[in-house]
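Below: one structure, written as structure tokens.
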Ligand SMILES: NC(=O)c1ccc[n+]([C@@H]2O[C@H](COP(=O)([O-])OP(=O)(O)OC[C@H]3O[C@@H](n4cnc5c(N)ncnc54)[C@H](OP(=O)(O)O)[C@@H]3O)[C@@H](O)[C@H]2O)c1
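Numbering (the numbering used here), first residue to last: 240 to 492.
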């Protein structure tokens, strides 16, 4: 699937799933801009992109920052045609210990982060009459999990935002979809395993096995498998696919 002539902006594109998405899009001929708060992972991923991948630092929780990132990306590589809202974070706590500030933090990065990126790119996409808005949500946007209620609430909200905006844009060529990975092998997963080890005293192997057992295929999803779904949604052949929450989870949901 060639994507020449596209410019993709991938938030959280320096690590994990976002990195795999950015490099997969570049390999198919797209120009790519990656964004995140830390320079080093962005630089390293851009290096691997061999000229097709540029970077701009920015915080997805800040609307003004996202507007700046989108403007800079457009100046560097042309108008953004593919907006991949991938940046996210997962905090694990029992509900009784979850503070209003914890909830706000999960909503800020996982929900406002998607909202801010899409708000910033949509006027340009409307002007061009083309575009793809894609959120990397989670199976946590489709079902509950214990001890991550704030994260699950935020990811459910992302799926709701996706379904509503898709309807608003249905008469335009712009599609809006969410991809819902199950546990995927990334730095975020490593943190979840560390957390289980610290809180339960289980070994890393036991903790990883417990998380993987939620996937009917009995394994972790690979970032490249999430990237593949992004490639498909980005292509002309997916023009009729909008408002969907696509599970990439080995059949978990
Ligand atoms: N790994 C899984 O099991 C899994 C499963 C389902 C869904 N997901 C989702 O997949 C997405 C990517 O996660 P991942 O697993 O690849 O984890 P990751 O490697 O920790 O990536 C998260 C990325 O988001 C960026 N980020 C975090 N807060 C940000 C902020 N305020 N502003 C801008 N960028 C920010 C981080 O960069 P900086 O820290 O430099 O800002 C980092 O590059 C997330 O939305 C996550 O919820 C992951």
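All C-beta atoms, glycine included, are put in the ideal place defined by N, C-alpha and C.
{"Query": "Assigned exposure category for residue 270 - 16 Cβ within 10 Å defines buried", "Result": "buried"}
{"Query": "Residues bridged to residue 495 (per DSSP)", "Result": "This structure does not reach residue 495, given that the chain is present from 240 up to 492, and the question cannot be answered."}
{"Query": "Alpha helix (DSSP H) segment containing residue 281, residue limits", "Result": "278–287"}
{"Query": "Backbone CA spacing between residue 345 and residue 255 [nearest angstrom]", "Result": "19 Å"}
{"Query": "Contact under 8 Å by Cβ, residue 423 with residue 461", "Result": "yes"}
{"Query": "C-alpha distance - residue 401 paired with residue 408, whole-angstrom precision", "Result": "11 Å"}
{"Query": "Proximal residues to residue 285 (C-beta, below 7 Å), its chain only, five neighbours per side dropped", "Result": "273, 292, 293 and 294"}
{"Query": "The segment 440–450 in contact with the segment 320–335 per 3-pair CB rule at 8 Å", "Result": "no"}
{"Query": "Residue 302 vs residue 372 beta-carbon contact at 8 Å", "Result": "no"}
{"Query": "Beta carbon of residue 391 nearer than 8 Å to that of residue 309", "Result": "no"}
{"Query": "Presumed contact (8 Å Cβ cut-off) between residue 418 and residue 376, rounded CB distance", "Result": "7 Å"}
{"Query": "Residue 479 classed as buried or exposed, judged by whether at least 16 other C-beta atoms fall within 10 angstroms", "Result": "exposed"}
{"Query": "6 Å Cβ shell around residue 396 - same chain, five flanking residues per side excluded", "Result": "350"}
{"Query": "Ordered list of alpha helix (DSSP H) runs contained in the segment 351–423, each at least 4 residues", "Result": "352–367 and 388–407"}
{"Query": "Residue 242 in three-state terms, based on DSSP", "Result": "coil"}
{"Query": "Beta-carbon separation (whole angstroms), residue 252 vs residue 319, contact threshold 8 Å", "Result": "The pair is not a contact, with the Cβ atoms about 13 Å apart (cut-off 8 Å)."}
{"Query": "Cβ pair residue 313, residue 352 closer than 8 Å", "Result": "no"}
{"Query": "Contact test: residue 298 Cβ vs ligand 1 heavy atom, cutoff 7 Å", "Result": "yes"}
{"Query": "Check: residue 423 C-beta below 7 Å from any heavy atom of ligand 1", "Result": "yes"}
{"Query": "C-alpha distance - residue 258 paired with residue 468, whole-angstrom precision", "Result": "14 Å"}
{"Query": "Bridge partner(s) assigned by DSSP for residue 270", "Result": "246"}
{"Query": "Which of helix, strand or coil DSSP assigns to residue 254", "Result": "coil"}
{"Query": "First and last residue of the uninterrupted beta strand (DSSP E) at residue 296", "Result": "292–296"}
{"Query": "beta-carbon residue 377 near ligand 1 non-hydrogen atom, thresh 7 Å", "Result": "yes"}
{"Query": "Own chain partners of residue 471 with C-beta closer than 8 Å, once the 5 adjacent residues on each side are dropped", "Result": "240 and 477"}
{"Query": "Pair within 8 Å by beta-carbon distance, residue 421 and residue 331", "Result": "no"}
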